[in-house]
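Read the structure below first, then the notes.
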Amino acid sequence: MIASNLTIPLLSLVDTAVIGHLEHAWYLGGVALGSSLISLLFLLLGFLRMSTTGLTAQALGAQDRSGLRDNLLQAGLMAQVLAAVLLLIHPLVMPLVQH
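Numbering (our numbering), first residue to last: 6 to 104.
Next up, the structure:
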């Protein structure tokens with residue numbers, strides 16, 4: 006989990022380094038905005054990763070196979086629902102950020 010928390014700022018750093026060589030400043034502004042949104046989504050959805058890890062470890066330690074299965078299925082379903090919501094709002098947000 007520590008490695009995944011470190012990779013998001015590194016992604017932004019690499020994007021900034023690559024785009025910083027272009028001639029216009031608005032490219033860098035777009036990358037900064039995109040990096041901020043990606044970081045925000047990653048942090049907001051981090052609850053799913055953290056809670057799934059804890060609940061799964063508890064169920065595994067108690068050797069509760071049905072609880073283990075239920076925790077993983079619920080987390081997977083919630084991830085799919087959240088992904089569907091993000092895909093549905095994508096067409097509404099894109100016109101705002103393209104111009």
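Using N, Cα and C, we set each Cβ at its ideal position, and we do this for glycine too.
Check: What I want to know is whether the C-beta of residue 87 ends up closer than 7 Å to one or more non-hydrogen atoms of the ligand MN.; Outcome: With respect to the ligand MN, the structure shown offers nothing to examine, as it has no ligands at all.
Check: Is residue 16 helix, strand or coil by DSSP?; Outcome: helix
Check: May I have the straight-line CA-CA distance separating residue 24 from residue 64, to the nearest angstrom?; Outcome: 46 Å
Check: Just reading off the alpha helix (DSSP H) that residue 39 is part of, what are its end residues?; Outcome: 30-49
Check: Compare the C-alpha of residue 37 against each of 62, 91, 20 and name the closest.; Outcome: 20
Check: Out of 30, 15, 87, which one is the CA nearest neighbour of residue 46?; Outcome: 87
Check: Please report the residue range of the alpha helix (DSSP H) in which residue 95 lies.; Outcome: 70-103
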